[in-house]
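Asker:
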Ligand SMILES: Nc1ncnc2c1ncn2[C@@H]1O[C@H](COP(=O)(O)OP(=O)(O)OP(=O)(O)O)[C@@H](O)[C@H]1O
């Protein structure tokens, strides 16, 4: 393997006297290559944060190999630390300090020229608010200040754990634009999230984790293409006859209240011709393309408990049916 981040066979089990042991990461692999904006996706409790913490040495892995820019992680991270910016645990800022002062202190502490402060404030869109106190910042502005602090040293790799968490749609859009700008400037970005619409809009590559294991990885377009079943949504003037005719033509048809979903249709004209020849007229014919949400739900089984908020996927806390679940409202709520 060769990449900016390489993880092979990572394992981490948390043990406590009271709760017993909890397998957080169960033999996980990840490869992030230079120039990628790589989405790291998984339901709540699937092991994303533990993976990133293990990579950065914030928690000790039980087994596995990890490298960042070719240096063994976390032991040799100091050799490459100047090339990496990471926000894995929400940084706490002094509310009475301004954003500018906060970054100035961090620059001085990190041996970075203070001239970088204005540059990173500009980069994250906080230039006009840099001299306001942090306690007056919105959550989105605090997140951007955190990103600014990670950008001070001009990293080639930025690792962000759930940067859109808790943000409103406008804040999410700002974060998304920021990540795109950074990627445009050649920064490799690894961003974990359970907000799928976000990942699909920002990332070119994706790795999906469920119960501590990788369930798929690759370019977003290829991952989605692998789930394309050549389905079409059909609305017609006589839906019952349409269903019968399409079934008779050998197509897979699923009937819904006001439409049909027809599977295995490489060419949609097959549908309009089959129906038109029998005087059934198509009102709508739309190819159904898989999105990351449907792929994610299929791979992680997370859709089986859609009404239970914030279930974990850690193996020891499954939903009532034994299936992991996620907070679907958080997915669907993001349309920024
Ligand atoms: N310090 C800890 N002690 C005990 N268990 C832990 C600890 N940290 C994480 N876990 C457990 O490990 C599993 C994976 O958690 P982790 O935080 O890595 O998931 P995640 O994918 O980042 O979830 P989220 O999206 O909710 O942040 C969960 O079951 C969690 O409860």
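Residue numbers (full-length UniProt numbering): 1 to 336. Here a beta-carbon is modelled for each residue, glycine too, at the ideal position from N, C-alpha and C.
(1) Write down the C-beta distance between residue 299 and residue 271 rounded to the nearest angstrom, noting that I regard them as a contact closer than 8 Å.
(2) What's the call for residue 192, buried or exposed, on a 16-neighbour Cβ count within 10 Å?
(3) Check for me: the alpha helix (DSSP H) holding residue 105 runs from which residue to which?
(4) Which residues does DSSP list as the beta-bridge partners of residue 8?
(5) Identify, in the order they occur along the chain, each residue of the same chain with its Cβ nearer than 8 Å to the Cβ of residue 148, setting aside the five sequence neighbours on each side.
(6) In the DSSP assignment, the alpha helix (DSSP H) including residue 271 goes from what residue to what residue?
(7) Figure out for me which residue from 204, 253, 233 has the closest Cα to the Cα of residue 35.
(8) Within 10 Å of its beta-carbon, does residue 69 have 16 or more other beta-carbons around it, so buried, or fewer, so exposed?
(9) Around the Cβ of residue 210, are there at least 16 other Cβ atoms within 10 angstroms (buried) or fewer (exposed)?
(10) What are the partner residues of residue 232, as DSSP defines its beta bridges?
(11) Within 7 Å: the Cβ of residue 194 and any heavy atom of ligand 1?
(12) If contacts are defined as beta-carbon pairs under 8 Å, then residue 107 and residue 158 qualify, I think. What distance do you get, rounded to the angstrom?
(13) Is the beta carbon of residue 275 sitting closer than 8 Å to the one on residue 264?
(14) When the distance is taken between beta carbons, is residue 32 closer than 8 Å to residue 4?
(15) Could you tell me which residues DSSP pairs with residue 158 in its beta bridges?
(16) Residue 188 and residue 156 - do their beta-carbons sit closer together than 8 Å?
(17) Put residue 91 into one of helix, strand or coil per three-state DSSP.
(18) Can you name the residues that DSSP bridges to residue 45?
(19) Are the beta-carbon atoms belonging to residue 46 and residue 212 less than 8 Å from one another?
(20) Who are the near neighbours of residue 285 in its chain, counting only those whose CB is closer than 7 Å to its CB and skipping five residues on each side?
(21) Based on the DSSP secondary-structure assignment, which residues constitute the bridge partners of residue 209?
(22) On the criterion of 16 or more Cβ atoms from any shown chain inside 10 Å, does residue 18 qualify as buried, or is it exposed?
(23) Hey, is the segment 164-181 in contact with the segment 5-17, meaning 3+ C-beta pairs nearer than 8 Å?
(24) Could you have a look at residue 29 and say whether DSSP puts it in helix, strand or coil?
(25) For residue 139, count neighbouring C-beta atoms within 10 Å of its own C-beta (all shown protein chains included) and say buried if the count is 16 or more, exposed if not.
(26) On the CB-based measure, 16 or more other CB atoms within 10 Å of its CB, does residue 219 come out buried or exposed?
(27) Reducing DSSP to helix, strand and coil, say where residue 294 ends up.
(28) Taking C-beta to C-beta, are residue 11 and residue 63 nearer than 8 Å?
(29) Can you list, in chain order, the residues of its chain whose CB lies under 6 Å from that of residue 66, leaving out five sequence neighbours each side?
(30) Can you name, in chain order, every residue of its own chain whose Cβ lies under 8 Å from the Cβ of residue 71, other than the five neighbours on each side?
(31) What would DSSP say about residue 312, mapped onto helix, strand or coil?
(32) Who are residue 20's beta bridge partners in DSSP?
(33) Helix, strand or coil for residue 39? Go by DSSP, reduced to three states.
(34) Can you name the start and end residues of the beta strand (DSSP E) that residue 220 belongs to?
Answerer: So, from the listed chains and residues:
(1) Contact doesn't hold; Cβ gap of about 29 Å is too wide.
(2) buried
(3) 99-109
(4) 65
(5) 99, 103, 120, 121, 123, 124, 126
(6) 269-276
(7) 204
(8) buried
(9) buried
(10) 262, 287
(11) yes
(12) No, residue 107 and residue 158 are not in contact; Cβ-Cβ is about 17 Å, not under 8 Å.
(13) no
(14) yes
(15) 85, 189
(16) yes
(17) coil
(18) Residue 45 pairs with nothing; no bridge assigned.
(19) yes
(20) 232, 234, 268, 271, 272
(21) 214
(22) exposed
(23) no
(24) strand
(25) exposed
(26) exposed
(27) helix
(28) yes
(29) 7, 55, 73
(30) 77, 79, 80
(31) Only weak support exists for where residue 312 lies, its pLDDT of 41 falling under 50; the coordinates are left without a value.
(32) 16
(33) strand
(34) Per DSSP, residue 220 belongs to no beta strand (DSSP E); it is in the alpha helix (DSSP H), 220-225.
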